[in-house]
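A.B. asks: Count the sequence shown with full-length UniProt numbering and you get residues 1 to 165, in order.
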Amino acid sequence: MRATTGAAEHAEPPRSPAERKDDLREQWRTETTAWVATSGSTGPHLVPLLFTYDGAAFTFATFASSVTVANIARTARVRIAIGHPYDVAMIDGTMRIIEPGAVDPETAARYAALLRGGPDPRQTPGFVYLELTPLRVQAWRSFAELGERTLMRGARWPLVGLSQR
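1. With three or more C-beta pairs closer than 8 Å as the rule, is the region 82 to 90 touching the region 16 to 33?
2. Please return the same chain residues whose Cβ sits closer than 6 Å to the Cβ of Phe58, not counting the five positions on each side in sequence.
3. Would you decide whether Arg15 is buried or exposed? Buried here means 16 or more other CB atoms lie within 10 Å of its CB.
4. Which value, in whole angstroms, describes the spacing of the CA atoms of Ala18 and Pro125?
5. Since Tyr129 is in the beta strand (DSSP E), which residue starts that stretch and which ends it?
6. For the beta strand (DSSP E) containing Leu49, name the first residue and the last one.
7. Below 8 Å on the Cβ atoms is my guess for Leu49 versus Met95; work out the distance and round it to an integer in Å.
8. Between which two residues does the beta strand (DSSP E) holding Val103 run?
9. Kindly identify the DSSP beta-bridge partner or partners of Ala34.
10. Tell me which residue opens and which closes the beta strand (DSSP E) that Arg77 is part of.
11. Start and end of the alpha helix (DSSP H) containing Ala64?
12. When DSSP builds the beta bridges, which residues end up paired with Asp92?
13. Find the nearest neighbour of Ala64 within the set Ile97, Ile91, Gly55, judged by alpha-carbon distance.
14. Return the Cβ separation of Val36 and Val78 in integer angstroms, given the expectation that the two are a contact with Cβ distance under 8 Å.
15. Using 10 angstroms around the beta-carbon of residue 166, count the other beta-carbons present and answer buried if the total reaches 16, otherwise exposed.
16. Please report the distance separating the alpha-carbon of Glu12 from that of Thr32.
17. How long is the line joining the alpha carbons of Asp54 and Thr62, rounded to whole angstroms?
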């Protein structure tokens, strides 16, 4: 994945859909924080959360009593953002709440490794996991890519040459 840092990168030619998908997968393997947007009865809510990605879904964890969890219980539709303005992924999808005992042990271990000594959701009362299944993915690195930023639609990678995994 090529690193970009600013406006000088806007002159860069657009990447092919296959390159962009590969770059996304790398971003999702190496980044650990996403901004998670939900909406509830009091309006929009935005919070940064750690995540792990298994190739199909994103997994987060937070307190069961949080505004984020209350909003997800009301409507499972969420949007997350990963990256920065010059290399970003915007992901819309549905999120489900998973009790700690029901999460895949491998996923829980990967998530715990991100915490750097913080509270492990498997061992901390009041935590739940959240699993996001992407339905739409938009990504761009420069103005040249804005016109064709949608790479996934309806939970499928529809562009020619992109496999489902």
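From the three backbone atoms N, C-alpha and C, an ideal C-beta is built for every residue, glycine too.
C.D. replies: So, from the listed chains and residues:
1. Contact between the region 16 to 33 and the region 82 to 90 is present, with at least three C-beta pairs closer than 8 Å.
2. Indexing the sequence shown from 1 puts residue 58 at position 58. Cβ neighbours of Phe58 beyond the five flanking positions: Phe51, Leu132.
3. Here residue 15 refers to the residue found at position 15 of the sequence shown. It counts as buried.
4. Locating residue 18 in the sequence shown gives position 18, where the first residue counts as 1. Locating residue 125 in the sequence shown gives position 125, where the first residue counts as 1. Cα to Cα, Ala18 sits roughly 42 Å from Pro125.
5. Against the sequence shown, residue 129 aligns to sequence position 129. From DSSP, the beta strand (DSSP E) with Tyr129 extends over 127 to 140.
6. Mapped onto the sequence shown, residue 49 falls at position 49. Counted as a single uninterrupted DSSP element, the beta strand (DSSP E) harbouring Leu49 occupies residues 43 to 50.
7. Within the sequence shown, the letter at position 49 stands for residue 49. Within the sequence shown, the letter at position 95 stands for residue 95. Taking C-beta atoms under 8 Å as the contact rule, Leu49 and Met95 fail to qualify, at a distance of about 11 Å.
8. Looking up residue 103 in the sequence shown gives position 103. Unbroken run through Val103: none, as it is neither H nor E.
9. As a first step, residue 34 is located in the sequence shown; it is residue number 34 there, counting from the start. Leu49, per the DSSP bridge assignment.
10. Along the sequence shown, one-based indexing puts residue 77 at 77. Where Arg77 is concerned, the enclosing beta strand (DSSP E) stretches over 77 to 84.
11. In the sequence shown, the residue the question calls residue 64 occupies position 64. That residue, Ala64, is in no alpha helix (DSSP H); it is neither H nor E in DSSP.
12. Residue 92 sits at position 92 when you count from the first residue of the sequence shown. According to DSSP, Asp92 bridges with Arg79, Arg136.
13. In the sequence shown, the residue the question calls residue 64 occupies position 64. Ala64 has its Cα closest to that of Ile97, out of Ile97, Ile91, Gly55.
14. Residue numbering aside, residue 36 sits at position 36 when the sequence shown is read from its first letter. Residue numbering aside, residue 78 sits at position 78 when the sequence shown is read from its first letter. Right, their Cβ atoms sit about 6 Å apart.
15. Coverage of the chain is limited to positions 1 through 165, which leaves residue 166 absent and any answer about it impossible.
16. For the purposes of this step, residue 12 is taken as the residue at position 12 of the sequence shown. For the purposes of this step, residue 32 is taken as the residue at position 32 of the sequence shown. The straight-line gap from Cα to Cα measures roughly 26 Å.
17. Locating residue 54 in the sequence shown gives position 54, where the first residue counts as 1. Locating residue 62 in the sequence shown gives position 62, where the first residue counts as 1. Answer to the nearest angstrom: the Cα atoms are 18 Å apart.
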